[in-house]
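Only one structure is covered here, and it is reproduced in the block below.
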Amino acid sequence: MPRRPSVQVALDLPETKCTLAIRQTTVQKNLKDVQLKTNEVWDRAEWRMRTNPNEEYYQLPAVFEVQDYEKCLSQRENAFCAGAFELSSAGPSQLYDILKKYSANKRHNFNHTRIHRAMCLGPKSDCPVKDNLTESFKECIDKSMFEEYGLRADLMRFDFCRRSGEKPIIDNAGVTFCIYLTIVVVLNVIGTVYDWVLKNSNVNAKGNRWLMAFSLFDNWRRLTSISGGKETRFQNLSCFYGIKTLAMFTEQFAHVMIVICLSLPTNPRIIEEVDSEMKTATSAGRTAVQLRPELIRIHPVHLTTIGILATIFVHLNDGPLWYKQIGMRAERCREMWWHHVLFLNNFHYWADCMPQAWHLAMDFQVYLISSIIMVWILGRGLDPEYILRRLLVASLIMLFAIAYLFELQPQLLTINPE
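Residue numbers (the UniProt record's numbering): 1 to 418.
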């Protein structure tokens with residue numbers, strides 16, 4: 001059985017005054033501890049489910065229910081709809097009281113008065129198709145909830161409806177963006193071939209900088225380089241590349257977990273049990289690093305990613321969750337793309353089409369404010385160390401005051417199954 005490959009992050013850093021004990025063994029040990037802790041939490045949650053069967057829990061309406069998407073749309077007269085419904089009771093209901101009891105524990109439980117359905121509508125299904133798919137979907141779920149549980153279901157959020165044979169249409173914006181991507185790919189091929197030919201003919205040749213800018217070889221060398229340039233003082237700070245890499249890893253790990261929140265689990269109780277078992281959390285932060293003109297190179301790539309999400313990404317796959325999540329984000333990207341152009345997307349985190357890009361906007365804003373402060377300090381001939389120390393203390397006091405006055409809670413307490 002092959003051994004699992006070891007994780008190596010920024011291990012080739014030179015020995016400097018700023019190593020900060022970043023070593024291979026430490027990285028591997030921390031990653032292994034996280035893996036063992038995660039497995040332990042899931043094992044305890046599964047053990048609690050097996051040893052404490054909850055008959056009452058499984059008599060409640062299912063929080064999530066998804067029918068077979070491909071099987072449904074294989075029939076020409078069928079349609080597939082998804083949305084969320086709010087349950088209510090016209091009169092006294094013991095079942096509804098139980099639902100509210102479970103939903104009251106927002107820290108660990110789902111909101112059981114809110115159900116999510118992705119259902120097949122068709123002549124041979126329990127939900128007939130009418131002219132208005134939204135009304136057909138709403139009437140179907142309301143009828144099934146009333147007949148089975150005596151509860152009413154009101155459509156709270158409509159996600160999408162698709163008839164058999166319908167496909168998303170590529171509009172002019174999508175065609176234009178595809179042309180742009182084609183041009184970029186062609187330039188990358190030309191630049192890479194040019195770099196390869198140049199290096200084989202003359203190792204010391206620099207070549208045309210415009211063509212070299214599109215070379216995959218040259219960009220990879222720049223990406224993996226930790227050189228401080230002509231400034232030898234920067235070599236003492238080279239370990240921050242390792243810190244930055246580790247911070248990016250933890251940031252990606254945290255956002256990968258969002259997939260659990262976006263899915264429709266068949267058994268939500270396991271997630272509730274895991275959440276109640278979770279006692280610790282890994283913070284997803286970033287280390288402040290100096291942003292130089294490289295920002296000009298990051299921004300086009302970022303905007304290209306936004307363009308892909310807004311135009312062609314929704315056409316790359318199919319399925320109920322795909323249209324529910326990717327289709328929604330495509331619409332948001334078309335509406336809020338200018339937030340990313342101006343680095344304002346972190347002010348509308350949950351309404352944004354790519355919320356995981358919050359750190360790019362934050363980095364730019366911090367860089368801009370820091371630059372203004374430094375220009376002001378140097379322009380007036382003040383002592384930078386004296387001013388910056390007091391600004392640091394003032395910023396810490398301000399953060400504490402904001403958290404106290406607005407009663408902000410740590411991320412561990414704000415994350416819940418819902």
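Idealized CB from N, CA, C, for every residue including glycine.
Asked: Euclidean distance between Cα positions of Ile296 and Asn219; Found: 15 Å
Asked: Element boundaries [alpha helix (DSSP H), containing Glu335]; Found: 327–341
Asked: Beta-carbon spacing of Ile115, Ala62 below 9 Å; Found: yes
Asked: Cβ shell of Tyr194 (< 8 Å), same chain only, five flanking positions each side left out; Found: Gly207, Asn208, Leu211, Met212, Ser215
Asked: Ile190 classed as buried or exposed, judged by whether at least 16 other C-beta atoms fall within 10 angstroms; Found: exposed
Asked: Own chain residues within Cβ distance below 6 Å of Ser103, not counting five before or after; Found: Asn111, His112, Thr113
Asked: Identified DSSP bridge partners for Phe85; Found: Ile115, Leu155
Asked: Element boundaries [beta strand (DSSP E), containing Val314]; Found: Careful: Val314 lies outside any beta strand (DSSP E) and carries neither H nor E.
Asked: Cβ pair Phe146, Met119 closer than 9 Å; Found: no
Asked: Sub-9 Å separation of Leu360 and Ile298 beta-carbons; Found: yes
Asked: Beta-carbon separation (whole angstroms), residue 472 vs Leu99, contact threshold 8 Å; Found: The requested residue 472 does not occur in the structure, where the chain is confined to residues 1 to 418.
Asked: Pair within 9 Å by beta-carbon distance, Glu65 and Ser164; Found: no
Asked: Touching by the beta-carbon criterion (3+ pairs, under 8 Å), the region 128–142 and the region 158–177; Found: yes
Asked: Length of the line joining the Cα atoms of Leu309 and Asn172; Found: 15 Å
Asked: Residues near Ile377 by beta carbon distance below 7 Å, same chain, minus five either side; Found: Pro384, Ile387
Asked: Reduced DSSP category for Glu385 - H, G, I as helix; E, B as strand; rest coil; Found: helix
Asked: Rounded separation between Arg390 and Gly379 - CA only; Found: 18 Å
Asked: Backbone secondary structure at Met374 - three-state DSSP; Found: helix
Asked: Whether Val314 touches Ile306 by CB criterion (9 Å); Found: no
Asked: Option nearest Glu86 by Cα separation, candidates Leu151, Asn200, Tyr180; Found: Leu151
Asked: Boundaries (first-last residue) of the alpha helix (DSSP H) holding Glu148; Found: 133–149
Asked: Assumed close pair Leu95, Tyr149 - CB separation to whole angstroms, cut-off 8 Å; Found: 6 Å
Asked: Identified DSSP bridge partners for Phe64; Found: His116
Asked: Rounded C-alpha distance that separates Leu344 from Tyr404; Found: 25 Å
Asked: Residue from Trp338, Ser144, Lys101, Val129 with nearest C-alpha to Arg117; Found: Ser144
Asked: Three-state secondary structure (DSSP) of Ala161; Found: Position check: residue 161 holds Cys in this sequence, whereas Ala was assumed. Three-state result, Cys161: strand.
Asked: The alpha helix (DSSP H) enclosing Gln94, as first and last residue numbers; Found: 94–104
Asked: Residues near Tyr69 in its chain [Cβ-Cβ closer than 7 Å; skip 5 each side]; Found: Phe80, Gly319, Pro320
Asked: Cβ-Cβ separation, Phe177 to Ile312 (assumed contact under 8 Å), whole Å; Found: 7 Å
Asked: Pick from Leu316, His302, Gly381, Leu342 that is closest to Ile169, judged by C-alpha positions; Found: Leu316
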